[in-house]
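Just so you know, the protein sequences line up as chains A and B, in that order.
Mapped onto UniProt numbering, the consecutive letters of the first sequence carry residue numbers 1 to 190.
Mapped onto UniProt numbering, the consecutive letters of the second sequence carry residue numbers 1 to 376.
Below you'll find the structure, written out as structure tokens, and then a few comments.
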Amino acid sequence: MTEIKVDHVLDSKGMACPMPVVKTRKEIDQLEPGKVLLVEATDPGSKADLKAWSERGGHQYLGVVEEDDVIKHYIRKASTDEANEETTHENKVDNEQLKQKLTAENVTLVDVREPAEYAFGHIPSAVSIPFGELEARLNEIKKDQAVYVVCRTGNRSDLAAQLLTEKGFENVYNVVPGMSTWDGDIDRSE
Amino acid sequence: MSIQTMNVKEVAKKALNKEQLFILDVRNEDDFNDWKIEGEQFSYVNTPYFDLIDGIDPIKDQLPTDQDILVVCAKGGSSEFVGEMLVEEGYENVYSLEGGMKAWSEHLEPIKVADLTDGGELYQFVRLGKGCLSYMIISGDEAATIDAVRMTDVFVDFAKEKGANITHALDTHLHADHISGGRRLAEETGATYWLPPKDATEVQFEYKPLNDEDVIQVGSSNIDVHALYSPGHTIGSTSFIVDDQYLLSGDILFVNSIGRPDLAGKAEDWVGDLRETLYSRYKEVSSDLYVLPAHFMTNDELNNDGSVGEKLGTLYEKNHGLNVEDENEFRSMVTENLPPQPNSHQEIRETNMGKISPDHDRQREMEIGPNRCAIQ
Chain A
1 MTEIKVDHVL DSKGMACPMP VVKTRKEIDQ LEPGKVLLVE ATDPGSKADL
51 KAWSERGGHQ YLGVVEEDDV IKHYIRKAST DEANEETTHE NKVDNEQLKQ
101 KLTAENVTLV DVREPAEYAF GHIPSAVSIP FGELEARLNE IKKDQAVYVV
151 CRTGNRSDLA AQLLTEKGFE NVYNVVPGMS TWDGDIDRSE
Chain B
1 MSIQTMNVKE VAKKALNKEQ LFILDVRNED DFNDWKIEGE QFSYVNTPYF
51 DLIDGIDPIK DQLPTDQDIL VVCAKGGSSE FVGEMLVEEG YENVYSLEGG
101 MKAWSEHLEP IKVADLTDGG ELYQFVRLGK GCLSYMIISG DEAATIDAVR
151 MTDVFVDFAK EKGANITHAL DTHLHADHIS GGRRLAEETG ATYWLPPKDA
201 TEVQFEYKPL NDEDVIQVGS SNIDVHALYS PGHTIGSTSF IVDDQYLLSG
251 DILFVNSIGR PDLAGKAEDW VGDLRETLYS RYKEVSSDLY VLPAHFMTND
301 ELNNDGSVGE KLGTLYEKNH GLNVEDENEF RSMVTENLPP QPNSHQEIRE
351 TNMGKISPDH DRQREMEIGP NRCAIQ
């Protein structure tokens, strides 16, 4: 797998249980909600435990990659905004409608999740532009095509859809809920 | 007060003596549900250590204040971490299991099961954490092991203490649930390693083929170890009749259950052999033989002294697996709805064949979990 962009790296190599989880807990406190932490570990026990711990804390356990003897855990800090189901952007499609659009027409699909979320599973035709980088990368999106915006739950994509509309894109749809319930084709970056 | 440690030998004693013990197991739920320290009078609370990082409040009302608390984890680090929190909260008599479940899985408790002809002795090595049973016959200055497990030091040291050298290492079959110590014992002590040839078609090392009716003599008192071909758990499975009195049944027949034929993926092919062994071959030997199996499933099978064994005649009366008259019913019992296969069983088989050589840590990992070799 190519290097996945993260916001912070925690080195827990050589540490035995319980330290990888204890350190992760401390480290994640320092991060802003929604940011991605990479925990590097060598303790095989960390595999089940960091995942279980993350899920209980409401954090998103994105996935794990084993390289040489290092176990790399990718965790995204819980973000309370995403529990909010209200979206304000008017044009919305659900996952099923998106599937039809993807087969029927030439559309642009933008995945605004963090690079690590994208890396561990995305819709094959989706381009990755994390929400935080969207404003700076508008020129990568074609103006003459319909633009569908997807994230995990429909929240970040709602903000992204609003931003795109504000910046002059006319045909912008928010995909709700998005990847959390996506059952169509998935690609992984490897 | 500070945290104390308890070692696996002390815990084993408590299990064998059916003492009470309160265990706080701080591994994750899957691991706990898969496999834990068993004791008739043991009580348990399972809460993963990662739920207790911010304090022990979630479990406070479940912990006894008038009893020892043994905190258990995978390797001993997290149990110490949680145990220290308990001590800080004012709990007394808090113990952390030294080495955790890894150490528990490796602990062997030697129990003498018989005096043999002319001063010979037969020992059973009970591996409580895994349900494995190994054996050692000692006669004069010679010893033979049967189904010795990976912790070969224990056998070498035990023989040395008894003034004997291990001259034969026998395996009843190619094991799928744990790593055999037979080959390493042979390398370390110069003993002859015996394996049933039908189980050894793919092995990558030298061994001596063990054929039906072979007789191996151990030591000055010439204790007879008589091979009895008894296939069904594997195609080569061989039992031993020791000193005309003891039937070492391997993984074919246990005290409360029988062997499963599917661990090499050949349930359909081997079910007939299993039936033949249990319902014909074993019937031809004396029902006074005392059966000593290679496994037990639950602590209910332990006798008062902690050993495992029963007279063959009694098993023919009480063991359900020996009392299924209808062949079709028997067939479906041993080929359908089987318990899950042991963890890493394929890798363990390949290790025992000498095809792969995982390091010590990996071998430990592979053996984590219960043995699951039986059908009740």
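From the three backbone atoms N, C-alpha and C, an ideal C-beta is built for every residue, glycine too.
Q: Name, in chain order, the residues that DSSP records as bridge partners for B:Gly259.
A: B:Ala374
Worksheet item: So does the segment 298-305 of chain B actually touch the segment 132-149 of chain B, counting three or more Cβ pairs closer than 8 Å?
Response: no
**Request:** For A:Leu102, name the three-state secondary structure that DSSP assigns.
**Result:** helix
Original post:
Which same chain residues, not among the five before or five after B:Gln376, have their C-beta less than 6 Å away from its C-beta?
Top reply: Ser257
Touching by the beta-carbon criterion (3+ pairs, under 8 Å), the segment 315-332 of chain B and the segment 120-135 of chain B: no
For the 8 Å Cβ check, are there 3 or more pairs between the segment 129-141 of chain A and the segment 18-33 of chain B? no
Contact list for residue 210 of chain A against chain B, beta-carbon separation under 9 Å
Here chain A comprises residues numbered 1 to 190, so residue 210 of chain A is not present and cannot be evaluated.
- prompt: Taking B:Leu108 as the reference, which of B:His178, B:Phe254, B:Val126, B:Gly120 has the closest Cα?
  reply: B:Val126
For this session: Report the three-state DSSP secondary structure of B:Tyr279 (helix, strand or coil).
Result: helix
| task | Using a Cβ cut-off of 7 Å, pull out every chain A residue sitting near B:Phe81, in sequence order please. | result | Pro18
Contact the segment 213-227 of chain B vs the segment 257-266 of chain B: 3+ CB pairs below 8 Å
no
Exercise. Would you kindly report the start and end of the unbroken beta strand (DSSP E) that includes A:Ser46?
Key: Element bounds for A:Ser46: not the beta strand (DSSP E) but the alpha helix (DSSP H), 46-56.
query = Below 8 Å between beta carbons: does that hold for B:Arg150 and B:Gln4?
reply = No, Cβ-Cβ distance for B:Arg150 and B:Gln4 is not below 8 Å.
- Message: Tell me the rounded alpha-carbon separation between B:Ile356 and B:Glu367.
- Response: 15 Å
Practice item. Give me the Cβ distance between A:Ala160 and A:Val149, rounded to the nearest whole Å; I'm assuming they're in contact under 8 Å. Key: Correct: roughly 5 Å between the Cβ atoms.
Exposed unless 16 or more other CB atoms sit within 10 angstroms - verdict on B:Pro231: buried
key: Residues near B:Val156 by beta carbon distance below 8 Å, same chain, minus five either side   = Counting only Cβ-Cβ distances below 8 Å, and skipping sequence neighbours, we find Ile166, Leu185, Glu188, Thr189.
Cα-Cα separation between B:Leu52 and B:Pro340, rounded to whole angstroms
31 Å
**Q.** Near-chain A residues of the segment 13-36 of chain B - C-beta to any C-beta below 9 Å
**A.** Of all residues in the segment 13-36 of chain B, Val26, Arg27, Asn28, Glu29, Asp30, Asp31 have a Cβ within less than 9 Å of some Cβ in chain A.
query = Should B:Ser78 be flagged as near chain A, meaning a C-beta pair shorter than 8 Å?
reply = yes
Residue ranges of each beta strand (DSSP E) within the UniProt domain "Rhodanese" (17-113) of chain B, 3 or longer: 21-25, 42-46, 69-72, 94-97
Query raised in the report: Should B:Pro342 go down as buried or exposed, given a rule of 16 or more other Cβ atoms within 10 Å for buried?
Result: buried
Legend entry - Beta-carbon proximity list for B:Val11, same chain, < 6 Å, skipping 5 on both sides: none
inquiry  = Three Cβ pairs or more, each shorter than 8 Å: is that satisfied between the segment 137-149 of chain A and the segment 63-76 of chain A?
reply    = Between the segment 137-149 of chain A and the segment 63-76 of chain A there are fewer than three C-beta pairs closer than 8 Å, too few to call the two in contact.
| message | With distance defined between alpha-carbon atoms, name the residue in B:Arg183, B:Thr117, B:Glu88, B:Pro64 nearest to B:Asn222. | response | B:Thr117
Practice task
Please state whether DSSP places B:Glu121 in a helix, a strand or coil.
Solution key: strand
Exercise for review: Starting from the C-beta of B:His226, find all residues in its chain whose C-beta is less than 6 Å away, skip the five residues before and the five after it, and write them out in chain order.
Suggested key: Val215, Ile241
Interface partners of A:Pro44 on chain B, CB under 9 Å
Asp361, Glu365
query: What runs of the beta strand (DSSP E), each 3 residues or longer, lie entirely inside the segment 216-263 of chain B?
result: 223-229, 238-242, 246-250
Segment limits, beta strand (DSSP E) that includes B:Lys198: That residue, B:Lys198, is in no beta strand (DSSP E); it is neither H nor E in DSSP.
request  = Entirely within the UniProt domain "Rhodanese" (103-188) of chain A and at least 4 residues each: give me those alpha helix (DSSP H) ranges in chain order.
outcome  = You should have 115-119, 131-134, 156-166.
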